[in-house]
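Protein chains in written order, with the UniProt record's numbering: chain A, 1 to 214; chain B, 1 to 214.
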C-alpha cells in the first residue's frame, strides 16, 4: 500500500521504518524537500521522501506523525486536495513543553488535535490512534507483556477498520484494539498523555502501556 | 480513626459506608446540618452527620467526596481551622456535564482540583487518589479481576503513606498503589476521567479499571 508518513521525528521514523519493513511503499514527508533526516531515512530503507504535499499526493493512507502543535500547519502544507477521501492516521499529541515540566496538553476549547484536523479537512477521514504509548510499543506491542490496549477514535467506520488492519499488521490483537467511538473521543486519549508523561518519570522506562481491565 | 466524609452523593455514601464498616468513627458532612441523605446514612450506619465544618472539626482524616466543581466551596465551608495539619483525601473530579456529553473536565489554567484545594488550604495535606474509577471499585478492588492500579499524588510523603494505609484497608495491594509524585501529578489523573467516561459508554459497565502494564 502507498503510505505517507508526515514527520521526521522519532515517531515518524519508527512508524515509517515499520511500514517499509512490512512491504508498504512509504514516503516520508517533511516541510522541505531536502530534509536531511528524511533523506537519510529514505536511503536506508530504499524508500521515498519529499515535501508534505509530495508525500500525501500519491498516498492511500496518510500518517500524521508531526507534533500536535504543528499538525494543522503540516496538513495544510500537504494540501486538502491530497487528503481528500484518504484515511489520515493521527498519532500526534499537542504537548507544549515551553513552560517546562509537566507539559501542557494543548487542546483549544477542549477540542482535540484530531478534531481540529478533521474540521480543517472535512473530506479526509481522520482516525486517532497510537498516541497513548511510546513509539517503540506502537509498532511492536510485544515489548509490553500481557494484556494492554490501543485505542481507536473516528467518525468513519471504514477508515477505522482500515486502521485496525494496520494495527494488526503491527502485532496488535483484536482483543487489544479498543474502539472508543466517534472522533470526539480523541479528546480523552489526547488527555491521557499527561499521565503517560508522569508514569514515564515514575517508572523510568517507556516500555509500558495502559490496559483497560474488567 | 475519626474520619469526615464530605459529600452525600454516591461516592461519599460508598466511601463512608466502607469506612464505617471497617470500624472507623465516620461523620458524613454536607452543606446543611439537616441534609436528608446524610441523616438517613448516619442512622443506617450508627454513624454521625453534620455540616462540613462539624464533620471536619473532630476528624483526623477528611475525605473530599464532593463534586470537583464545588469542592473549593465545600472545603471553605469546612473551614481552614478544621483542615489545618490534616490529611485531605481528594477523590473528586471537576466534571461539567452542563453542555452535555462528553463532559468538560474543568481545570482552570490546567490546574487540578487537588492543587486548587492545596493552594487554598496550604496547611492541609492534600492527597489525590481513587478518582480514576467507579466508587464501587474504589472500596472493593476485587470487583475487577487481575492487575489494575490506583494512583497517589501529593506533596506530603507522610500523608501519602497514611492514604496508602487506608487504601490497603480497602483491599488494594502494594503492587497496585502507584505513587505518581507531587500534587501536580493530580492534573494527569484528573484528565484521565475523560477516558473513563468514554470507556463506561463503550463497555457498558463501571466495573473496570486502568492498569499500567510494563
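Cβ atoms here follow ideal geometry from the backbone N, Cα and C, with glycine treated the same way.
>> Please classify residue 54 (chain B) as buried or exposed, where buried requires at least 16 other C-beta atoms within 10 Å of its C-beta.
In response: Residue numbering aside, residue 54 (chain B) sits at position 54 when the second chain is read from its first letter. Here residue 54 (chain B) is buried. Its C-beta has 16 or more other C-beta atoms within 10 Å.
>> Please list the terminal residues of the continuous alpha helix (DSSP H) segment that includes residue 82 (chain B).
In response: Here the question's residue 82 (chain B) lines up with position 82 in the second chain. Its alpha helix (DSSP H) spans residues 80 to 83.
> Pick from A:38, A:89 and A:45: whose alpha carbon is nearest that of residue 113 (chain A)?
Replying inline: Reading the first chain from its first residue, position 113 is the one you call residue 113 (chain A). Comparing alpha carbon positions, the residue from A:38, A:89 and A:45 closest to residue 113 (chain A) is A:89.
>> Can you tell me whether residue 135 (chain A) is helix, strand or coil according to DSSP?
In response: Residue mapping note: residue 135 (chain A) aligns to position 135 of the first chain, counting from 1. Correct three-state label for residue 135 (chain A): helix.
>> Restricting to runs no shorter than 4 residues, where is the alpha helix (DSSP H) found entirely within the stretch 70 to 125 of chain A?
In response: The stretch 70 to 125 of chain A contains these whole alpha helix (DSSP H) runs: 71 to 78, 80 to 83 and 113 to 120.
>> Taking beta-carbon pairs under 9 Å, can you tell me which members of the stretch 160 to 181 of chain A lie near chain B?
In response: Under the 9 Å Cβ criterion, the stretch 160 to 181 of chain A contributes 178, 179, 180 and 181.
> Can you check whether the CB of residue 6 (chain B) is closer than 9 Å to the CB of residue 62 (chain B)?
Replying inline: On the second chain, position 62 is the one that residue 62 (chain B) refers to. On the second chain, position 6 is the one that residue 6 (chain B) refers to. Residue 6 (chain B) is positioned such that its CB atom lies closer than 9 Å to that of residue 62 (chain B).
>> Within a Cβ cutoff of 7 Å, which residues of the same chain sit near residue 110 (chain A), ignoring the five residues on either side of it in sequence?
In response: By 1-based counting over the first chain, the position of residue 110 (chain A) is 110. Here the set comprises 187.
>> If you reduce the DSSP assignment to three classes, tell me which class residue 52 (chain A) lands in.
In response: Taking the first residue of the first chain as 1, we reach residue 52 (chain A) at position 52. DSSP, reduced to helix, strand and coil, places residue 52 (chain A) within a helical segment of the structure shown.
>> Contact defined as beta carbons within less than 8 Å: I believe residue 11 (chain A) pairs with residue 19 (chain A). What is the distance between those atoms, to the nearest angstrom?
In response: As a position in the first chain, residue 11 (chain A) is number 11, starting the count at 1. As a position in the first chain, residue 19 (chain A) is number 19, starting the count at 1. Not quite, the Cβ-Cβ distance comes to about 12 Å (not below 8 Å), so this is no contact.
> Who are the neighbours of residue 108 (chain B) on chain A, taking C-beta pairs under 9 Å?
Replying inline: As a position in the second chain, residue 108 (chain B) is number 108, starting the count at 1. None at all; the shortest Cβ gap to chain A is about 13 Å.
> Going along chain B in order, which residues have a C-beta closer than 8 Å to the C-beta of residue 102 (chain A)?
Replying inline: Position 102 of the first chain, counting from 1, holds the residue named residue 102 (chain A). For residue 102 (chain A), the chain B residues whose Cβ falls inside 8 Å of its Cβ are 184, 185, 187 and 188, in order along the chain.
>> Taking 9 Å as the threshold (beta carbon to beta carbon), is residue 24 (chain B) in contact with chain A?
In response: Walking along the second chain from the start, residue 24 (chain B) turns up at place 24. Not one chain A Cβ lies under 9 Å of residue 24 (chain B).
>> Under 8 Å, with one C-beta from each stretch per pair, do the stretch 166 to 175 of chain B and the stretch 94 to 101 of chain B reach the 3-pair mark?
In response: Segments in contact, no.
> Which full runs of the beta strand (DSSP E) of 3+ residues lie inside the stretch 137 to 203 of chain A, going along the chain?
Replying inline: Correct list: 150 to 154 and 177 to 181.
> With 16 as the cutoff for other CB atoms within 10 Å, does residue 52 (chain A) come out buried or exposed?
Replying inline: Position 52 of the first chain, counted from the first residue, corresponds to residue 52 (chain A). With a threshold of 16 other beta carbon atoms within 10 Å, residue 52 (chain A) meets it and is buried.
>> Per the DSSP calculation, residue 25 (chain A) is bridged to which residue(s)?
In response: Here residue 25 (chain A) corresponds to residue number 25 of the first chain, with the count starting at 1. Partner(s): A:2.
> What does a CB cutoff of less than 8 Å around residue 85 (chain B) pick up in its chain, not counting 5 residues either side in sequence?
Replying inline: If you number the second chain from 1, residue 85 (chain B) lands on position 85. The answer, listed in chain order, is 123, 124 and 125.
> Does the stretch 159 to 168 of chain A come close enough to the stretch 142 to 149 of chain A to have 3 or more Cβ pairs within less than 8 Å?
Replying inline: Touching, no.
>> My output table needs one value for residue 33 (chain B): the three-state DSSP class, helix, strand or coil.
In response: For the purposes of this step, residue 33 (chain B) is identified with residue 33 of the second chain, where counting begins at 1. If DSSP states are grouped into helix, strand and coil, residue 33 (chain B) belongs with coil.
> Which chain A residues are close to residue 207 (chain B), counting only those with a beta carbon under 8 Å from its beta carbon?
Replying inline: For the purposes of this step, residue 207 (chain B) is taken as the residue at position 207 of the second chain. Under the 8 Å cutoff, chain A gives 214.
>> Tell me which residue opens and which closes the beta strand (DSSP E) that residue 211 (chain A) is part of.
In response: One-based indexing of the first chain puts residue 211 (chain A) at position 211. Where residue 211 (chain A) is concerned, the enclosing beta strand (DSSP E) stretches over 209 to 213.
>> Which same chain residues end up closer than 6 Å to residue 91 (chain A) when comparing Cβ atoms and leaving out the 5 residues on each side of it in sequence?
In response: If you number the first chain from 1, residue 91 (chain A) lands on position 91. Cβ neighbours of residue 91 (chain A) within its own chain (closer than 6 Å, five residues either side excluded): 65, 130 and 131.
> Since residue 144 (chain A) meets chain B, which of its residues come closer than 8 Å, beta carbon to beta carbon?
Replying inline: Against the first chain, residue 144 (chain A) aligns to sequence position 144. Under the 8 Å cutoff, chain B gives 213 and 214.
> Comparing the C-beta of residue 203 (chain B) with each C-beta of chain A, is any distance below 9 Å?
Replying inline: To locate residue 203 (chain B), count along the second chain from 1; it is residue 203. Yes, contact with chain A.
> Taking 9 Å as the CB-CB limit, is residue 191 (chain A) close to chain B?
Replying inline: Numbered from 1 along the first chain, position 191 holds the residue referred to as residue 191 (chain A). Yes, residue 191 (chain A) lies at the interface with chain B (some Cβ there is under 9 Å from its Cβ).
> Just to confirm, are residue 189 (chain B) and residue 104 (chain B) a CB contact at a threshold of 9 Å?
Replying inline: Start at 1 with the first residue of the second chain, and residue 189 (chain B) comes out as number 189. Start at 1 with the first residue of the second chain, and residue 104 (chain B) comes out as number 104. Contact flag unset, no.
> Can you list, in chain order, the residues of its chain whose CB lies under 6 Å from that of residue 141 (chain A), leaving out five sequence neighbours each side?
Replying inline: Position 141 of the first chain, counted from the start, is the residue given in the question as residue 141 (chain A). If you ignore the 5 residues before and after residue 141 (chain A), its C-beta comes within less than 6 Å of the C-beta of 171 and 172, all in its own chain and listed in chain order.
> Quick one: what's got a C-beta closer than 7 Å to residue 191 (chain B)'s C-beta in the same chain, skipping five residues either side?
Replying inline: Here residue 191 (chain B) refers to the residue found at position 191 when the second chain is read from its first residue. Residues 105 of the same chain have their beta carbon placed closer than 7 Å to that of residue 191 (chain B), with the five preceding and five following residues left out of the count.
>> I'd like to know whether the C-beta of residue 199 (chain A) is nearer than 9 Å to at least one C-beta of chain B.
In response: Here residue 199 (chain A) refers to the residue found at position 199 when the first chain is read from its first residue. At least one chain B Cβ lies under 9 Å of residue 199 (chain A).
> Which whole-angstrom value is the C-beta distance of residue 203 (chain A) and residue 2 (chain B), which I expect to be below 8 Å?
Replying inline: Counting from 1 along the first chain, the entry for residue 203 (chain A) is found at position 203. Counting from 1 along the second chain, the entry for residue 2 (chain B) is found at position 2. Incorrect: roughly 36 Å between the Cβ atoms, too far for contact.
>> Whole angstroms are fine: how far does the CA of residue 48 (chain B) sit from the CA of residue 58 (chain B)?
In response: Sequence index remark: in the second chain, residue 58 (chain B) carries index 58 (1-based). Sequence index remark: in the second chain, residue 48 (chain B) carries index 48 (1-based). Going by the C-alpha atoms only, they are around 11 Å apart.
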